[in-house]
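Colleague: If you scroll down you'll find the structure; I have some questions about it.
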Amino acid sequence: MLTALTILALLYPNLLGDPDNFTLANPIVTPPHIKPEWYFLFAYAILRSIPNKLGRVLALLSSILVLIAVPILHTSKTTRTYIRPASQLLF
């Protein structure tokens, strides 16, 4: 069985390949099955939803600035979880 698989892989490698690899590529359109990793999905959604290039860049930078500014703007001195019920759900 191992010999048959080795012969098949070495002599006929395209026979075992994925059929999507043989379709012609369109450089204008991204295939629908290609998605970024989960931690880049917010940036991917922003970039795809805004048609203007400058608007895309500004929206992406502002979303990153919001993520940076939230811990800085948090001014509470207490660290107890019973004061913040939402944190009890997370921890």
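FYI, the numbering for the sequence shown is -10 to 80, going by this note's numbering.
For every residue, glycine included, the Cβ atom is placed at its ideal position computed from N, Cα and C.
1. State the DSSP-derived secondary structure class of S52, mapped to helix, strand or coil.
2. What ranges does the alpha helix (DSSP H) occupy inside the region -5 to 39, keeping only unbroken runs of at least 4 residues that lie completely in it?
3. Among E26, F11, F31, R37, which one has its Cα closest to the Cα of V18?
4. Just to confirm my understanding: we take Y1, look at its own chain, exclude 5 residues before and 5 after, and list those with CB closer than 8 Å. What are they?
5. For K66, does the three-state DSSP call read helix, strand or coil?
6. Taking the Cβ atom as the reference point for each residue, do L(-9) and L(-3) lie within a distance shorter than 8 Å?
Modeller: Looking at the coordinates:
1. helix
2. 30 to 38
3. R37
4. none
5. coil
6. no
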